[in-house]
Structure formats: structure tokens, C-alpha cells
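K.L.:
Numbering (our numbering), first residue to last: 46 to 377.
Sharing a structure, written as C-alpha cells. Questions coming.
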Ligand SMILES: NC(=O)c1ccc[n+]([C@@H]2O[C@H](COP(=O)([O-])OP(=O)(O)OC[C@H]3O[C@@H](n4cnc5c(N)ncnc54)[C@H](O)[C@@H]3O)[C@@H](O)[C@H]2O)c1
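Next up, the structure:
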């Protein structure tokens, strides 16, 4: 068995705790943590029997690490990533890559110069149903994709009761439906049908109490010749995610909440259902951790490269601008 990789999780709030647990579950990592909040750090260290525990990044970086997982709010991902990449430590960075384009060129240069593996944690790429859906579309079994319609919603306050008190409350720290929630679906669909080339959008705060950021968003997209639309709200009680892609010779649909994809290829025929085993939330994160460790060992490519996450970041920013100013945006 190969030696355990030393992995530092930076920030052990909601997602950092999950990464800690899921990296431990791989059986391939010895995980340390770094967290500014004293009581949170002590509780998490105790609950997960963590031996290497640090109050801040500078003291954590006095030790040697193979990899680091950046789980702080998005507006500080880039300076932390640059500091770590300069030490030659491989990086898994939570989504979104950032909240602006500041520092991205410097990060890419630092990663190249120090030959660092960098992966962005767009975890839907590790979900078995998203992988099946992508394989079917990219195989062109139903011909070329022509039109995509994605619709998603959940009761966010039910799943994240602390939403008013965390980064979510402010766009500047990565908050709101566009940067926090929709970005997952945008990135997964760019991976499936190709990058967004232009878009327009409408977004608004409709319901969530105690915040003013948008909780509802509609986006109209172009992916080259293909047309798409994305619709998301954060208060519907049904926790659902459906994507329909109509191709030249048939329609393919993914229903994540029903753990199935389905297809139909004639107007008089019924849907053909292709179910999968229901997927636990940690499953995708354990898979993502395993694939990241494979990339660190150079036995697999990064699941989401920094260039792909940079493209999705440009889309996030374009959606914010398009919805605020009622304009079409081209993604360069
Ligand atoms: N992949 C997913 O499904 C998913 C889910 C939730 C959040 N996220 C992303 O993960 C990131 C964090 O989200 P969260 O919900 O865990 O937020 P959170 O507020 O629950 O946790 C962030 C933690 O980082 C700590 N922190 C901040 N600066 C630090 C620093 N310099 N050094 C050490 N610790 C520091 C904070 O004290 C806090 O405990 C965001 O980018 C968010 O978009 C991803």
C-alpha cells in the first residue's frame, strides 16, 4: 500500500468538515486542519480525532503537506491558493474559484512554475448520474445536442439554517443563488455540452428571510450553436434537479431526485427509464477525494481544471452583470 498523503483542510465549516470526513474515508490520507474559529476547530479536531491542528495558515505551513483543500469562503480562495502553490503543495479548491478575476493570472502562473496539481471541487463531476448523462450525450447516441433545459430548486433554509450568518448573505463573499448554487449546475453542463459562449439572465431576491441576495435566477445560454436555459430557486419544498437535452435523434433527461436518466426517440413512444442506485451526499465527496489523490499521484487527470473553473467563474460574473443590467454578455 502506498504511503498516506498528508492533506491539510483549511477552514472546517460546513464543507471543510465534510472534506475532512471524506478524505479520512478514502483510507489514503492523514488529514490535518487549520481553522480560525477556536471552538469550531477544537470540536472538529475532537470529533474526528485529528492530530495536526492549527490556528492559522502560516503556522500550518511550517509543516510539510502533500496537498491542501481550501474550504474558506470564495473571496479569499485565490490569495490562499497562491500562498500554498508557492510551496509546491497540490490544491483542491472549493467552488466557485473566486468572486472576481483578480489574481487568477498570478495563480495560474504560480501553479505552472511550481508544477502544482490544482483541481476545483465542482463535485457534481464525481456524481455517477452526471457521468452517465454526460457519456450518453457525448457518445452522440442520439446525435448532436441542440437544446438544453435545466431546472433546479430546494428549500435552502431547511438544508442550511445558518445561511443568514455565513458567506451566503453577501455576493462579495460568494453569496447568492448564482455564485453559490447555480454555479454547480453551470459547471456540470459546460462539462457535458460545452462552454457557454453568450448569455442573458434575470435574477431577484424573492423570499429568503434575513438576506437581500438573489434567491431566484433564470439564465438563457448559447453554447456555440446549441441553445440552453437554466432556472433555479432556493425556496421550493421539492428538492429537485432535472436537465433535459434534446438531440438530433432523441431527447435525454436526467432526474437527479429520482436517481434516473431516461430517453425517448419517437413522438409516439414512452420514456425509457435508466435507474441508478440512490447516491448518498458523502459518496460524491469521497469519490472526488479519491480522484484528487489519484491526480496528486499523477495516475488520473484533474476532475475540474483551473481553466475550466475560470470559464465557469466568467459565466458567474456575466450572469450577475446580465441580470443587474438587463444585457446580453459574450464570454471571451
Ligand atoms: N461543494 C459543495 O457542495 C459546497 C457546499 C457548501 C459550500 N461550498 C463552498 O465551500 C466554501 C466554504 O463554504 P462553507 O459552507 O463551508 O462556509 P462556512 O462559513 O461554513 O466555513 C468556512 C470556514 O472557513 C474558516 N476560515 C475563514 N478564513 C480562514 C482562514 N484564513 N484560515 C482558516 N480558516 C478560515 C471560517 O472560520 C469558517 O469556519 C465556499 O467557497 C462555498 O461556496 C461548497
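Beta carbons are placed, not taken as given, at the ideal position from N, Cα and C, and that holds for glycine.
All of these numbers come straight from a predicted model, not from anything done at the bench.
Do the stretch 292-311 and the stretch 216-229 meet, that is, are 3 or more Cβ pairs less than 8 Å apart?
P.N.:
no
K.L.:
Would you grab the beta carbon distance between residue 161 and residue 136 for me? Rounded to a whole angstrom, and I think it's under 8 Å.
P.N.:
That pair is a contact at about 6 Å.
K.L.:
In whole angstroms, give me the CA-to-CA distance for residue 110 and residue 102.
P.N.:
12 Å
K.L.:
Are there three or more Cβ pairs, one per stretch, closer than 8 Å when the stretch 126-146 is compared with the stretch 158-175?
P.N.:
Yes: the two stretches touch, three or more of their Cβ pairs being nearer than 8 Å.
K.L.:
Using a Cβ-Cβ cutoff of less than 7 Å, which residues in the same chain neighbour residue 209 once the five nearest sequence positions on both sides are dropped?
P.N.:
For residue 209, where only same-chain residues beyond five positions count, the Cβ hits under 7 Å are 255, 256.
K.L.:
I need the boundaries of the alpha helix (DSSP H) containing residue 116, first residue and last residue.
P.N.:
Taken as a continuous stretch (DSSP letters only), residue 116 belongs to no alpha helix (DSSP H), as it is neither H nor E.
K.L.:
Is residue 113 near residue 134, with beta carbons less than 8 Å apart?
P.N.:
yes
K.L.:
Let's test the definition: count the other Cβ atoms within 10 Å of the Cβ of residue 146 and tell me whether it reaches 16, buried, or not, exposed.
P.N.:
Flag for residue 146 reads exposed.
K.L.:
On the DSSP letters alone, give me the boundaries of the alpha helix (DSSP H) that residue 67 sits inside.
P.N.:
59-71
K.L.:
Would DSSP call residue 197 helix, strand or coil?
P.N.:
strand
K.L.:
So is the beta-carbon of residue 104 under 7 Å away from any non-hydrogen atom of ligand 1?
P.N.:
no
K.L.:
So what does DSSP say about residue 342, is it helix, strand or coil?
P.N.:
coil
K.L.:
Taking 7 Å as the line, does the beta carbon of residue 225 fall inside it for any heavy atom of ligand 1?
P.N.:
yes
K.L.:
Alpha carbons only, please: which of 85, 269, 261, 92 is nearest the one belonging to residue 198?
P.N.:
261
K.L.:
Can you check which of these residues, 184, 65, 129, is closest to residue 157 by C-alpha distance?
P.N.:
129
K.L.:
Could you please give me the residues that DSSP links to residue 289 through a beta bridge?
P.N.:
In the DSSP output, where bridge partners are listed per residue, residue 289 has 194, 298.
K.L.:
What I want to know is whether the C-beta of residue 79 ends up closer than 7 Å to one or more non-hydrogen atoms of ligand 2.
P.N.:
Ligand 2 is absent from the structure shown, which contains only ligand 1.
K.L.:
What does DSSP give as the partner residues of residue 255 in its beta bridges?
P.N.:
Residue 255 pairs with nothing; no bridge assigned.
K.L.:
Counting Cβ pairs, one atom from each stretch, are 3 or more of them under 8 Å apart for the stretch 175-182 and the stretch 77-84?
P.N.:
no
K.L.:
Using alpha carbons as the reference points, say which of 311, 318, 314, 313 lies closest to residue 300.
P.N.:
Nearest of 311, 318, 314, 313 to residue 300, Cα basis: 318.
K.L.:
Heavy atom of ligand 1 less than 7 Å from the Cβ of residue 206, yes or no?
P.N.:
no
K.L.:
Which residues in the same chain as residue 375 place their Cβ atom closer than 6 Å to its Cβ, once the five residues preceding and following it in sequence are excluded?
P.N.:
243
K.L.:
Quick check: what's the CA-CA separation for residue 359 versus residue 47?
P.N.:
39 Å
K.L.:
Let me check one thing: in DSSP terms, what residues is residue 136 bridge-paired to?
P.N.:
113, 163
K.L.:
Classify residue 188: buried if its beta carbon has 16 or more other beta carbons within 10 angstroms, exposed otherwise.
P.N.:
exposed
K.L.:
Which runs of the alpha helix (DSSP H), 4 residues or longer, sit entirely within the stretch 170-237?
P.N.:
173-184, 201-204
K.L.:
Of the choices 331, 280, 266, whose alpha-carbon is the least far from that of residue 357?
P.N.:
266
K.L.:
Does DSSP put residue 320 in a helix, in a strand, or in coil?
P.N.:
strand
K.L.:
Rounding to the nearest angstrom, what Cα-Cα distance links residue 107 and residue 132 in this structure?
P.N.:
10 Å
K.L.:
Please determine, among 172, 69, 159, 186, the residue with the shortest C-alpha to C-alpha distance to residue 293.
P.N.:
When only C-alpha atoms are compared, the closest one is 186.
K.L.:
Could you tell me how far apart the beta carbons of residue 231 and residue 275 are, in whole angstroms, since I believe they sit closer than 8 Å?
P.N.:
7 Å
K.L.:
Relative to ligand 1, is the shortest distance from any of its heavy atoms to the C-beta of residue 59 smaller than 7 Å?
P.N.:
With a cut-off of 7 Å, the C-beta of residue 59 is classified as near ligand 1, since at least one heavy atom of the ligand falls inside that distance.
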